[in-house]
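Asks: Position 399 of the sequence shown, counted from 1, bears residue number 398 in numbering that gives the first Met the number 0, the numbering being contiguous throughout.
Please see the structure below; I have some questions.
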Amino acid sequence: MGHVIGLRCHECGSKYEQQAVHVCEECFGPLEVEYDYDAIKRTLTRERIESGPANLWRYRDLLPVEGEPAIGPHSGLTPLVRADRLARQLGVRELYVKDDSVNHPTFSYKDRVVPVALAKAVELGFTTVACASTGNLANSVSAHATKAGLDCYIFIPDNLERGKVLGSAIYAPKLVAVRGNYDDVNRLCSEIADKYGWAFVNINLRPYYTEGAKTYAYEIAEQLGWRLPQHVVVPTAGGTILPKLALAFDELLELGLVEGERPKIYTAQAAGSAPVVTALHAGSDTITPVKPDTIAKSIAIGDPADGFYVLEAVRRSGGWGEAASDPEIVEAIKLLARSEGIFTEPAGGVTLAATRKLIEQGRIPADESIAVCITGNGYKTVEAVADEVEKGHVIDARLADFDDLHRGLNSRESQEKVAEKTIAS
Ligand SMILES: *Cc1c(COP(=O)(O)O)cnc(C)c1O
Ligand SMILES: [Zn+2]
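So this is what it looks like as structure tokens:
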């Protein structure tokens, strides 16, 4: 049995029955799922979670679904990597990468939120699901919808990376590319949701969809042996994930599943689409929309729906935020690949580049525990780094050719070592 009481307005507290609505009729505030935490507290233990399935549904006591969820059996429970090689490069002691670049089945953080949204869509009786997406959400909705036998409409901007487009098209949804940016797509989709009555996972199902993001934080805590990291760096696009991580850490503390201090939470945005970081740095509550221009297309949202709540959560936690330029993003993608063997998309580059700056600024102390949220996979966005890596060596299939190459590489390597020593001394 689920523990959901209903929906509740974040601003005025008005209550609603569970249905596909996301905006309060009284005050236009966002609706959220309300739980019976007393009932949860009576039954939920670490052991109960640990004996659950090896996917995000191990936390289903804290998710808005009834019955046995059938969607997303391989989603969630991604690796929390102790990143010692990267830590040395950044000059910090205890660093973790929460690696949703290998979330199943479509290799991004979105494989957490979509199963929850679609499970709810089925529960509420919908047969057609849809989304407005910068790519990753489209991939995830397409894959999960086909597996669940749901009709699926996908709306994306017309300028996405080939891998992101193909990563939806392969599942054969009704794929619609809209001439414009994400904010244009989103506006159109709000109208379509009203007119056609479909379940848009990130519009009318938003209260349920966003709950899936909490599992990212639950996993970090569980995988640390039911401990909280001191600092968590999170990318921000529309602003779904960050406030939900904050909420999830609070829930764990409130339910007595972990002890200690709430983590400080940091928002990371691409410099070419950084309305939230700009407001944060200006000490303002007003988020001024921007026209995105960055290689980090998956988080290029110029008018973030939940931007204000990102500011609120960051400030309440005592955290901060930083933005990363395109060259810094590319540098960070390479750094993560070359230190930890993890290939992330530009959004992950943004998060790591921001982490690096926050450490350099002393905002994140070098001797405290840090979790970096890597939310997407680099194999989908090869355009971002295609011209930034060496192409490899082409030789004929003759041993002598390889001998020559090997000699050349060796002498180059030893020259580089000499150069490094000279610089170091
Ligand atoms: C969707 C997404 C995020 C999170 O964006 P929010 O809208 O702020 O929740 C982060 N990284 C990637 C790669 C994403 O696709
Ligand atoms: Zn309200």
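Using N, Cα and C, we set each Cβ at its ideal position, and we do this for glycine too.
So, A267 versus P303, is the Cβ gap smaller than 8 Å?
Replies: Here residue 267 refers to the residue found at position 268 when the sequence shown is read from its first residue. Here residue 303 refers to the residue found at position 304 when the sequence shown is read from its first residue. Not closer than 8 Å, so no.
Asks: Closest by CA to K173, which one among V164, R45 and Y181?
Replies: Within the sequence shown, the letter at position 174 stands for residue 173. Nearest of V164, R45 and Y181 to K173, Cα basis: V164.
Asks: Comparing alpha-carbon positions, which option in V371, G391 and V417 lies nearest V83?
Replies: The residue given as residue 83 occupies position 84 in the sequence shown. Inspection of the sequence shows that residue 83 is occupied by Asp rather than by Val. Answer by Cα proximity: V371.
Asks: Measuring CB to CB, does A118 end up less than 8 Å from L204?
Replies: Locating residue 118 in the sequence shown gives position 119, counting from the first residue. Locating residue 204 in the sequence shown gives position 205, counting from the first residue. Not in contact: A118 and L204 (Cβ atoms no closer than 8 Å).
Asks: For K290, which of helix, strand or coil comes out of DSSP?
Replies: Position 291 of the sequence shown holds residue 290. It is coil, neither helix nor strand.
Asks: Do you know how far the Cα of T145 is from the Cα of N180?
Replies: Locating residue 180 in the sequence shown gives position 181, counting from the first residue. Locating residue 145 in the sequence shown gives position 146, counting from the first residue. Their Cα atoms are separated by approximately 26 Å.
Asks: If I measure Cβ to Cβ from F342 and keep anything under 8 Å in the same chain, skipping five residues before and after, which residues do I get?
Replies: Reading the sequence shown from its first residue, position 343 is the one you call residue 342. The answer, listed in chain order, is S100, I332, L335, A336, N376, G377 and Y378.
Asks: Can you give the Cα-Cα distance for I219 and A396, rounded to whole angstroms?
Replies: Position 220 of the sequence shown, counted from the start, is the residue given in the question as residue 219. Position 397 of the sequence shown, counted from the start, is the residue given in the question as residue 396. Their backbone Cα atoms lie some 48 Å apart in a straight line.
Asks: Go to I4, then tell me how far its beta strand (DSSP E) extends in each direction, as first and last residue.
Replies: Numbered from 1 along the sequence shown, position 5 holds the residue referred to as residue 4. That run of the beta strand (DSSP E) goes V3 to C8.
Asks: For Q17, does the count of other Cβ atoms within 10 angstroms reach 16, so buried, or fall short, so exposed?
Replies: Position 18 of the sequence shown, counted from the first residue, corresponds to residue 17. Buried, because 16 or more other Cβ atoms sit within 10 Å of the Cβ of Q17.
Asks: Just to confirm before moving on: does the CB-CB distance between I155 and S132 stay below 8 Å?
Replies: Position 156 of the sequence shown, counted from the start, is the residue given in the question as residue 155. Position 133 of the sequence shown, counted from the start, is the residue given in the question as residue 132. In this structure, S132 lies closer than 8 Å to I155 by Cβ.
Asks: How about Y208: is its Cβ closer than 7 Å to a heavy atom in ligand 1?
Replies: Here residue 208 refers to the residue found at position 209 of the sequence shown. For ligand 1, not one heavy atom lies less than 7 Å from the Cβ of Y208.
Asks: 8 Å is my cut-off, CB to CB: does A198 come that close to chain D?
Replies: Protein chains in the displayed structure number just one, and chain D is not present.
Asks: List the endpoints of the continuous alpha helix (DSSP H) containing A220.
Replies: Looking up residue 220 in the sequence shown gives position 221. From DSSP, the alpha helix (DSSP H) with A220 extends over K213 to Q222.
Asks: Enumerated in chain order, which unbroken segments of the alpha helix (DSSP H) with a length of 4 residues or greater are wholly contained in the region 143 to 220?
Replies: For the region 143 to 220, whole alpha helix (DSSP H) runs of length 4 or above, ordered along the chain, are 161 to 168, 181 to 195 and 205 to 208.
Asks: Would you be able to state if there are at least three C-beta pairs under 8 Å between the region 262 to 279 and the region 289 to 297?
Replies: Counting Cβ pairs under 8 Å, three or more are found: they touch.
Asks: Can you look up I240 in the DSSP assignment and give me helix, strand or coil?
Replies: By one-based count along the sequence shown, residue 240 stands at place 241. In the structure shown, I240 sits in a helix (DSSP, three-state: H, G or I).
Asks: Is the beta carbon of G66 closer than 8 Å to that of R111?
Replies: On the sequence shown, residue 111 is found 112 positions in, with the first residue counted as 1. On the sequence shown, residue 66 is found 67 positions in, with the first residue counted as 1. Taking 8 Å as the Cβ cut-off, R111 and G66 do not qualify as a contacting pair.
Asks: Taking the alpha-carbon positions, what's the L187 to L89 distance?
Replies: Here residue 187 refers to the residue found at position 188 of the sequence shown. Here residue 89 refers to the residue found at position 90 of the sequence shown. C-alpha separation (whole angstroms): 43 Å.
Asks: My guess is that V232 and Y265 are in contact by the Cβ rule of under 8 Å, so how many angstroms apart are they, rounded?
Replies: Walking along the sequence shown from the start, residue 232 turns up at place 233. Walking along the sequence shown from the start, residue 265 turns up at place 266. Their Cβ separation, rounded to whole angstroms, is 5 Å, which keeps V232 and Y265 in contact under 8 Å.
Asks: What do you get for G306, buried or exposed, if any count of 16 or more other CB atoms within 10 angstroms of its CB means buried?
Replies: As a working note, residue 306 is residue 307 in the sequence shown. Burial call: buried.
Asks: Can you determine whether any heavy atom of ligand 1 sits closer than 7 Å to the C-beta of P156, and answer yes or no?
Replies: Taking the first residue of the sequence shown as 1, we reach residue 156 at position 157. Not so, every heavy atom of ligand 1 lies at least 7 Å from the Cβ.
Asks: If you compare alpha carbons, which of G361, P364, D325 and A365 is closest to A352?
Replies: Along the sequence shown, one-based indexing puts residue 352 at 353. For A352, the nearest C-alpha among the options comes from D325.
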